[in-house]
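Read the structure below first, then the notes.
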Amino acid sequence: METTYCDRCGEPTGTGTHDSCRAARQLEPPRFCTHCRRRMKVQVVPTGWTATCAEHGTLAAH
Amino acid sequence: MSTSSVSVLDRARTRVLAEGQGLEEADILEVLRLPDEDIPAALQLAHEVRMRWCGPEVEVEGIVSLKTGGCPEDCHFCSQSGLFSSPVRSVWLDIPSLVKAAQQTAATGASEFCIVAAVRGPDAKLMQQMRDGVKAIKEAVDINVAASLGMLSQEQVDDLVDMGIHRYNHNLETCRSYFPNVVTTHSWEERWGTLKMVRDSGMEVCCGGIIGLGETLEQRAEFAAQLAELQPDEVPLNFLNPRPGTPLGDQPVMDPKDALRAIAAFRLALPRTILRYAGGREITLGDLGTREGLLGGINAVIVGNYLTTLGRPATSDLDLLAELKMPVKALSATL
Ligand code: SF4
Ligand SMILES: [Zn+2]
Ligand SMILES: [Zn+2]
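Sequence lines, in order, name chains E and X.
To get the working numbering, take the position in the first sequence, counting from 1, and add 671.
To get the working numbering, take the position in the second sequence, counting from 1, and add 571.
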């Protein structure tokens, strides 16, 4: 199975619990790519955000 | 109600509510030390002071980061310092996106749009982006444009005035005596110097900071008194939202009761200033906190997201203002 990573702390999602990460993500954009663990380029604007991984593309919320 | 608190709130009623003068440092400290049962009375008095000296309007603002991350400074609370292992990466916002953010902010009814950059002070590239960005915003949308670009030279102050920047934000962050515990790459006095130049230029001065950095209550009172000495047009109050990877990443979120005491105390120190709820209110005070603050001396909010973290949707705050019968300050009233 492919390893996936927590988008807040960057650790593998299969290791440890990420409950506090999930709670924090209510008020934070993602920081790590879940596929490759790269730190993403994140731009927050008043009504949304975009997060870009050089390899896996851009996520957005508006 | 305890005897000492009766006296500090009574003194505040005369000095602050009736006469419009801020509390002295020793009394600010007493407010910060009020027992839990006196917090509602302190907030009520702070609300009366705000209504009397500022009126019922609430100033609504949106903020956006023009240049995020990679800052050479070491402010221990900041996820945008390039000196810590924070996950925040360096990124620039392009001008069309900047204009769009201003338009979306104006669409909420906000009168203020603040452009922020994570820098020690602006370089030529940033000043050029500002010149182009502010011009494009002014062509596209009616909104007051403010800026927060770190420490300035006199020439940069003059350039920002020329661009039509109406207010400049530069936070002292904390009191003078605690500042070296929080920042080592520049001094409190350097920040004060920029604020003086901004004041003399005719731009409005916006200066606040962050509560809950580990400062003592005495130092929190010292900070309020130092802000009162500066008399900023606006004071943004942030509550520490501990950021992963920063030196203050493990600092606990502050006690919500202490946050409410601070709101009341800062309003009683600064009866006439625009006291703005800024970052950390959601995590410190939860959904109810916005209401308590607006009924406890706060008369301005940042709506929507912050620079690197998210806020409540603008509609939640605007609905609450309507329910509280607090009108949003109109653009025409501020021009
Ligand atoms: S100067 Fe501003 S952006 Fe830079 S580390 Fe300090 S608070 Fe963060
Ligand atoms: Zn995690
Ligand atoms: Zn990726």
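Idealized CB from N, CA, C, for every residue including glycine.
Note that this is a predicted model, so its numbers are computed, not measured.
Any chance the CB of residue 679(E) is under 7 angstroms from a heavy atom of ligand 2?
-> If you number the first sequence from 1, residue 679(E) lands on position 8. Yes, the beta carbon of residue 679(E) sits closer than 7 angstroms to at least one heavy atom of ligand 2.
Any idea if residue 859(X) is buried or exposed, counting beta-carbon neighbours within 10 angstroms, 16 or more meaning buried?
-> On the second sequence, residue 859(X) is found 288 positions in, with the first residue counted as 1. Its Cβ having fewer than 16 others within 10 Å, residue 859(X) is exposed.
Rounded distance between the beta-carbons of residue 769(X) and residue 737(X), thought under 8 angstroms | Counting from 1 along the second sequence, the entry for residue 737(X) is found at position 166. Counting from 1 along the second sequence, the entry for residue 769(X) is found at position 198. About 11 angstroms separates the two Cβ atoms, so there is no contact after all.
According to DSSP, is residue 905(X) helix, strand or coil?
-> Stepping through the second sequence from its first residue, residue 905(X) is reached at position 334. At residue 905(X) the pLDDT is 49, less than 50, meaning the model places this residue with poor confidence; the figure from the coordinates comes in the next sentence. If DSSP states are grouped into helix, strand and coil, residue 905(X) belongs with the helices.
Nearest-angstrom Cα separation, counted from residue 823(X) out to residue 611(X) | By one-based count along the second sequence, residue 611(X) stands at place 40. By one-based count along the second sequence, residue 823(X) stands at place 252. Spanning the two alpha carbons is a distance of roughly 24 angstroms.
Counting only the same chain and skipping the five closest in sequence on each side, list residues whose C-beta sits under 7 angstroms from that of residue 788(X).
-> Here the question's residue 788(X) lines up with position 217 in the second sequence. Cβ within range, chain order: 600, 603, 604.
Considering only the beta carbon of each residue, do residue 593(X) and residue 799(X) sit closer than 8 angstroms?
-> Taking the first residue of the second sequence as 1, we reach residue 593(X) at position 22. Taking the first residue of the second sequence as 1, we reach residue 799(X) at position 228. Against a cut-off of 8 angstroms, the Cβ pair of residue 799(X) and residue 593(X) comes out as a contact.
Exposure label - residue 735(X); buried when at least 16 CB within 10 Å = By one-based count along the second sequence, residue 735(X) stands at place 164. Exposed, by the Cβ-count rule.
Assign residue 587(X) to one of three DSSP states: helix, strand, or coil.
-> Taking the second sequence and counting its residues from 1, one reaches residue 587(X) at position 16. Correct three-state label for residue 587(X): helix.
Mind checking whether the beta-carbon of residue 625(X) lies closer than 7 angstroms to any heavy atom of ligand 4?
-> Inclusion of ligand 4 in the displayed structure is not the case, the ligand content consisting of ligand 1, ligand 2 and ligand 3 alone.
List the residues of chain X whose Cβ lies closer than 7 angstroms to the Cβ of residue 687(E), in chain order.
-> Taking the first residue of the first sequence as 1, we reach residue 687(E) at position 16. Correct list: empty, because the minimum Cβ distance to chain X is about 15 angstroms.
Nearest neighbour of residue 657(X), chosen from 675(E), 722(E), 673(E), 680(E) [CA to CA] = Counted from its first residue, the second sequence places residue 657(X) at position 86. Checking every option, the nearest Cα to that of residue 657(X) belongs to 680(E).
Where residue 895(X) sits in the DSSP three-state scheme | Mapped onto the second sequence, residue 895(X) falls at position 324. Residue state, collapsed to three classes: coil.
Cross-chain neighbours of residue 752(X) in chain E, by beta carbon under 7 angstroms = By one-based count along the second sequence, residue 752(X) stands at place 181. Under the 7 angstroms cutoff, chain E gives no residues; its nearest Cβ is about 25 angstroms from residue 752(X).
Name the residue from 856(X), 809(X), 785(X) whose alpha carbon lies nearest to the alpha carbon of residue 821(X).
-> Residue 821(X) sits at position 250 when you count from the first residue of the second sequence. Cα-wise, what sits closest to residue 821(X) is 785(X).
For residue 906(X), count neighbouring Cβ atoms within 10 angstroms of its own Cβ and tell me buried if that reaches 16, exposed if not.
-> As a working mapping, residue 906(X) is identified with position 335 in the second sequence. Note that residue 906(X) scores a pLDDT of 46, beneath 50, so its modelled location is shaky; the value from the coordinates is reported in the next line. Residue 906(X) should be labelled exposed.
Element boundaries [beta strand (DSSP E), containing residue 632(X)] = As a working mapping, residue 632(X) is identified with position 61 in the second sequence. Element bounds for residue 632(X): 630–639.
Buried versus exposed, by CB contacts within 10 Å (16 or more), residue 609(X) = Translated into positions along the second sequence, residue 609(X) becomes position 38. Residue 609(X) comes out buried.
With a CB to CB cut of under 7 angstroms and the five nearest residues on each side skipped, what residues in its chain are close to residue 698(E)?
-> As a working mapping, residue 698(E) is identified with position 27 in the first sequence. Excluding sequence neighbours, residue 698(E) sits near nothing in its chain.
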